[in-house]
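Undergrad: These protein sequences, in sequence, are chains A, B and C. First residue of the first sequence? That's 427 in this note's numbering, and the numbers climb one at a time after it. First residue of the second sequence? That's 43 in this note's numbering, and the numbers climb one at a time after it. First residue of the third sequence? That's 80 in this note's numbering, and the numbers climb one at a time after it. Where a beta carbon is used, it is the ideal one built from N, C-alpha and C, also for glycine. None of these values were measured; they are calculated from a predicted model.
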Amino acid sequence: MQYQSQAVAKPYFIAAIALFVGQIIFGLIMGLQYVMGDFLFPEIPFNVARMVHTNLLIVWLLFGFMGATYYLIPEESETELFSPKLAIITFWVFLAAGVATVLGYLLVPYASLAKFTGNDLLATMGREFLEQPLPTKVGIVVVVLSFIFNVVMTMLKGRKTAISLVLVLGLVGLAVFFLFSFYNPHNLVKDKYYWWWVVHLWVEGVWELILGAILAFVLIKVTGVDREVVEKWLYVIITMTLITGIIGTGHHYYWIGAPAYWQVWGSVFSALEPIPFFMLTIFAFNMVNKRRREHPNKAATLWALGTGVMAFLGAGVWGFMHTLAPVNYYTHGTQLTAAHGHMAFYGAYAMVVLTIISYAMPILRGRAANSNKAQVVEMWSFWLMTVAMVFITLFLTAAGVLQTWLQRISTTPMSFMATQDSVAIFYWMREVSGVVFLIGLIVYITSFFIKGETKAS
Amino acid sequence: MNKQLNRFATIIWLALVILTIGTFLIGEEVTAGKTVMLSVLLISLIKGQLIANYFMGLRHVSWLWRGIILGYFVIVGGMIAIAYLN
Amino acid sequence: MPPSFVSIDESCDEAGILGNLMNTKTMLVNETEDLPGDFAIWIFILAEMLVFGVMFIVYAFARSNQIEVFNESQLTLSRAMGTLNTIILITSSYFVVRAVSAIKSGNSRQSAHWLLGTIFLGGMFVAVKLWEFNEKFSAGITLETNDFYMFYLTLTFFHLMHVLMGMIILACIVYKLKNGDYSAKEHFGVETGASFWHMVDLLWIILFPLIYIIR
């Protein structure tokens, strides 16, 4: 580790992995509830399990992004962090808020939680992904602002690189768009309209900048390729992301009451959203092929390449599948969306966080790379989780296609619930894949505890 | 050397202007029809080639790039023609 | 063997490849030679052409479902103004060619003058366009009037944004030219800006007949 203050990243990474485990467990619970409706009822109803599953995802990714930033910014800026103490304080605040919120979801009925936490003062709850009680939302804003303050102050006193600029741009965007979670108009159309400004502009906009910056950083480190080359790629990729992603928001505006021209704008621009992801893949492989050093951390390189491929498949290909308005007319809100959501979140964001953890964690623990034995185990976990996710996606896709056909296209359309029964076999298969994913995750965690001869840092 | 190139560019510019006026006249004078549509698209393709090869300077560059621009005009123009002939 | 697709190929590390890496034009394995301007701007140009290309095709197919509406609305556009703007853009592109040619022979003053001329023509294009928009808006036409106007306003507005962006880019280049940052040997930036401006022209070459003429 080049700078002492990079060490603050470590608790963030550990918390991220712990919450990741929680997310997967709740995923398995809901997966089972798809086929056994009363499983764990009334202790954990489906809607609560779903809320915990998605909220934990977002929180652990945020932990991962923050950890990545605290690791990356001192090294890029060539200076110690402005205030490591502030970083540690915000870590505990954020973790406490996150855990309290999840416990609130699990222990208190959602309506009572809303009442206790002042939702009648400013109604922000009850919207998918943004279910957090008002104090949590305010807490997130405070944490993120102090985080950005810390990062920007660090950058100001040090070297400013393209990677850190893109990263900070992404983080500022993340903060700005989150503010729309406080805006909850009564008009349902407007509600959804601005809701997407958080959800879409996060994952198909500013988060991609964060993704690009983290990946570029790791690739520079493990390949030793010239910074100039990497930066040029990064600029092209983020430009494409913003060209396609911003107006691409329109692919969420079909038939929700927004003006009809969004069908054309949304289709055209979002159809091109795979391009930056494709470029990301080419970028990753190109850099690795042109590497100028053999970094001892092979696992990190594997994660980096995996991110490129899986992000393109999950976000790019599976997104494109149902992004055109005439297609989406039939597939809107079916299991195809779930298939896309799973692979895109895993491929783009979960994997990039695992990439930086894989690269940074050994260094934070005082060595350039883990022992060969530990790396082999980590690579096994890579394949287990990634292949399991591919199968989850394939089974959900099959379920979605069948669902679309039976419920919406067929000349004798079936009801929603009858359709669900006929695709149940795919839900079972998805659940099995989910178990394999959990095994992969356990293998991943064990890899941290495997000793063996390590390479000196 | 440079003077010659500049004169050449001027000739290309003149050709582009004439083709543009041609397009305008077709739009004003001739009743709409398939021939008109196809000839206007063809004029566009020629103009595109003139700009790409002589103004953008792609004629010095590997054939791949010229192919991309030509292919673009052929595909986009072709799709437009197909939609209109439908 | 660990399950991994990161195979180690030692031959990758030969000096030839490392030397080439210094050159950003070799970002792709397929090396392209002497593209005018920065490689990144060409990727950008292709991306922009793709976006517009898709839009053009969508326009054409949307029209085939409601030919009368499109033909009728199209006749309300001023073909003369469209033609005028085409000639303005073509001429501005010509000016850019002259600007590049001037800097190649080391004459940065002349180059700046040609570019200022280009920016002036760009301004004229914008003025004509705004006049057109004003005509339509005061007739009460919006994006939601019908599909033709939706496409007309969308395509021409997006294109207009590119003209404005091109003018800003060229203005930066003029500033750098006046600073003496470019020379007969080093004029990469001028070529980059020039390529962008030509793209704006290239897109209009299809947009103009498609929206104004063909019916």
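#1: Can you check whether the C-beta of C:I122 is within less than 8 Å of a C-beta belonging to chain A?
#2: Judging by CA-CA distance, which residue of A:E504, A:E554 and A:I672 is the nearest neighbour of A:W621?
#3: Just how far apart, CA to CA, sit A:T562 and A:A526?
#4: Please confirm whether C:H266 has its beta-carbon closer than 8 Å to some beta-carbon of chain B.
#5: Which term fits A:R415, buried or exposed, when burial requires 16 or more other beta carbons within 10 angstroms of its beta carbon?
#6: Could you check whether B:F97 and C:H277 sit closer than 8 Å to each other, using their CB atoms as the reference points?
#7: Express the C-alpha separation of A:M666 and A:G792 in angstroms, rounding to a whole number.
#8: CB-CB under 7 Å to B:I122, same chain, minus the five flanking residues each way: which ones, in chain order?
#9: Quick one: does B:G64 have its CB under 8 Å from some CB of chain C?
#10: Does the beta-carbon of A:P685 have 16 or more other beta-carbons within 10 angstroms, so that it is buried, or is it exposed?
#11: Which residue spans inside the segment 142–210 of chain C form an unbroken alpha helix (DSSP H) run of at least 4?
#12: Please work out which residues of its chain come closer than 7 Å, Cβ to Cβ, to B:L92, disregarding the five sequence neighbours upstream and downstream, and give them in chain order.
#13: Output the boundary residues of the alpha helix (DSSP H) element that contains A:Q833.
#14: Taking 8 Å as the cut-off, decide whether the C-beta atoms of A:M581 and A:S590 are in contact.
#15: Which chain A residues are close to C:A139, counting only those with a beta carbon under 7 Å from its beta carbon?
#16: How is C:A218 classed by DSSP in three states: helix, strand or coil?
#17: Since I believe B:I88 is in contact with B:L61 (beta carbons under 8 Å), could you give me their beta-carbon distance rounded to a whole number of angstroms?
#18: Any C-beta of chain C sitting closer than 8 Å to the C-beta of B:V72?
#19: As a quick exercise: from C:L156, C:F149 and C:R188, pick the residue whose alpha carbon is nearest that of C:K257.
#20: What are the residues of the segment 270–284 of chain C that lie near chain B, defined by any Cβ-Cβ distance shorter than 7 Å?
#21: Suppose you measure from the CA of C:G272 to the CA of A:W486; what does that come to, to the nearest Å?
#22: To which residues of the same chain is C:E211 closer than 7 Å at the C-beta, ignoring the five residues directly before and after it?
#23: Checking contacts by CB at 8 Å: is B:L84 closer than that to chain C?
#24: Looking at the secondary structure, which residues open and close the alpha helix (DSSP H) in which A:L627 lies?
#25: Considering only the alpha carbon of each residue, which of A:V594, A:E504 and A:P437 lies closest to A:Q428?
#26: What separation, rounded to the nearest whole angstrom, lies between the Cα atoms of A:E557 and A:M705?
#27: Relative to chain A, which residues along the segment 209–222 of chain C have a C-beta separation below 9 Å, given in chain order?
#28: Starting from C:K278, trace the alpha helix (DSSP H) both ways and give me its first and last residue.
#29: Determine, for C:M203, whether the minimum Cβ-Cβ distance to residues of chain B falls below 8 Å.
#30: Hey, quick one: how far does the alpha helix (DSSP H) through A:Y680 stretch, first residue to last?
#31: Using a Cβ-Cβ cut-off of 8 Å, state whether C:M106 counts as contacting chain A.
TA: Per the coordinate set shown:
#1: Taking the first residue of the third sequence as 1, we reach residue 122 of chain C at position 43. Yes, because at least one Cβ of chain A sits closer than 8 Å to the Cβ of C:I122.
#2: Here residue 621 of chain A corresponds to residue number 195 of the first sequence, with the count starting at 1. Selected option, being the one with the closest Cα: A:E554.
#3: The residue labelled residue 562 of chain A in the question sits at position 136 within the first sequence. The residue labelled residue 526 of chain A in the question sits at position 100 within the first sequence. Roughly 9 Å between the two C-alpha positions.
#4: Your numbering for residue 266 of chain C matches position 187 in the third sequence. Nearest CB-CB separation between C:H266 and chain B: not below the 8 Å threshold.
#5: The question about residue 415 of chain A has no answer, for chain A in this structure spans 427 to 883.
#6: Here residue 277 of chain C refers to the residue found at position 198 when the third sequence is read from its first residue. Here residue 97 of chain B refers to the residue found at position 55 when the second sequence is read from its first residue. Yes, Cβ-Cβ distance for C:H277 and B:F97 is below 8 Å.
#7: Counting from one through the first sequence, the residue named residue 792 of chain A turns up at place 366. Counting from one through the first sequence, the residue named residue 666 of chain A turns up at place 240. If you take the alpha carbons of A:G792 and A:M666, they lie about 38 Å apart.
#8: To locate residue 122 of chain B, count along the second sequence from 1; it is residue 80. Within the same chain, B:I122 has close Cβ partners L83.
#9: Here residue 64 of chain B is taken as the residue at index 22 of the second sequence, counted from 1. Not closer than 8 Å to any Cβ of chain C, the Cβ of B:G64 fails to qualify, so no.
#10: Counted from its first residue, the first sequence places residue 685 of chain A at position 259. Around the beta carbon of A:P685, fewer than 16 other beta carbons lie within 10 angstroms, which makes this residue exposed.
#11: For the segment 142–210 of chain C, whole alpha helix (DSSP H) runs of length 4 or above, ordered along the chain, are 146–153 and 158–183.
#12: Translated into positions along the second sequence, residue 92 of chain B becomes position 50. Result list for B:L92: I54, A57 and L58, in chain order.
#13: To locate residue 833 of chain A, count along the first sequence from 1; it is residue 407. Premise fails: A:Q833 is in no alpha helix (DSSP H) and is neither H nor E.
#14: Indexing the first sequence from 1 puts residue 581 of chain A at position 155. Indexing the first sequence from 1 puts residue 590 of chain A at position 164. For the pair A:M581 and A:S590, the CB atoms are nearer than the 8 Å cut-off.
#15: On the third sequence, residue 139 of chain C is found 60 positions in, with the first residue counted as 1. By Cβ distance, chain A contributes nothing, its closest Cβ being about 12 Å from C:A139, past 7 Å.
#16: Counting from 1 along the third sequence, the entry for residue 218 of chain C is found at position 139. For C:A218, the secondary structure class from DSSP, reduced to helix, strand or coil, is coil.
#17: By one-based count along the second sequence, residue 61 of chain B stands at place 19. By one-based count along the second sequence, residue 88 of chain B stands at place 46. About 6 Å; that satisfies the 8 Å criterion.
#18: The count along the second sequence starts at 1 and reaches residue 72 of chain B at position 30. With a threshold of 8 Å between beta carbons, B:V72 makes no contact with chain C.
#19: Sequence index remark: in the third sequence, residue 257 of chain C carries index 178 (1-based). Checking every option, the nearest Cα to that of C:K257 belongs to C:R188.
#20: In summary, the residues of the segment 270–284 of chain C whose CB is separated from some CB of chain B by less than 7 Å are S274, H277, D280, L281 and I284, in the order they occur in the chain.
#21: Stepping through the third sequence from its first residue, residue 272 of chain C is reached at position 193. Stepping through the first sequence from its first residue, residue 486 of chain A is reached at position 60. Rounded to whole angstroms, the separation of the alpha carbons of A:W486 and C:G272 is 43 Å.
#22: Position 132 of the third sequence, counted from the start, is the residue given in the question as residue 211 of chain C. Apart from the 5 residues on each side of it in sequence, C:E211 sits with its Cβ closer than 7 Å to the Cβ of S157 and M160 in its chain, given in chain order.
#23: As a first step, residue 84 of chain B must be located in the second sequence, where it is residue number 42. Between B:L84 and chain C, the shortest Cβ-Cβ separation is not below 8 Å.
#24: Numbered from its first residue, the first sequence carries residue 627 of chain A at position 201. In the DSSP annotation of this structure, the continuous segment of the alpha helix (DSSP H) that includes A:L627 starts and ends at L614 to L627.
#25: Here residue 428 of chain A is taken as the residue at index 2 of the first sequence, counted from 1. Checking every option, the nearest Cα to that of A:Q428 belongs to A:E504.
#26: For the purposes of this step, residue 557 of chain A is identified with residue 131 of the first sequence, where counting begins at 1. For the purposes of this step, residue 705 of chain A is identified with residue 279 of the first sequence, where counting begins at 1. Roughly 34 Å between the two C-alpha positions.
#27: Listed by position, the residues of the segment 209–222 of chain C near chain A (Cβ gap below 9 Å) are L222.
#28: Start at 1 with the first residue of the third sequence, and residue 278 of chain C comes out as number 199. Looking at the sequence shown, residue 278 of chain C is not Lys but Met. Element bounds for C:M278: F267 to F287.
#29: Position 124 of the third sequence holds residue 203 of chain C. No, because no Cβ of chain B sits closer than 8 Å to the Cβ of C:M203.
#30: Position 254 of the first sequence, counted from the first residue, corresponds to residue 680 of chain A. DSSP places A:Y680 in no alpha helix (DSSP H); its state is neither H nor E.
#31: By 1-based counting over the third sequence, the position of residue 106 of chain C is 27. A caution first: C:M106 carries a pLDDT of 44, below 50, which makes its placement in the model unreliable, though a value can still be read off. For C:M106, the answer is yes, since a Cβ of chain A falls inside 8 Å of its Cβ.
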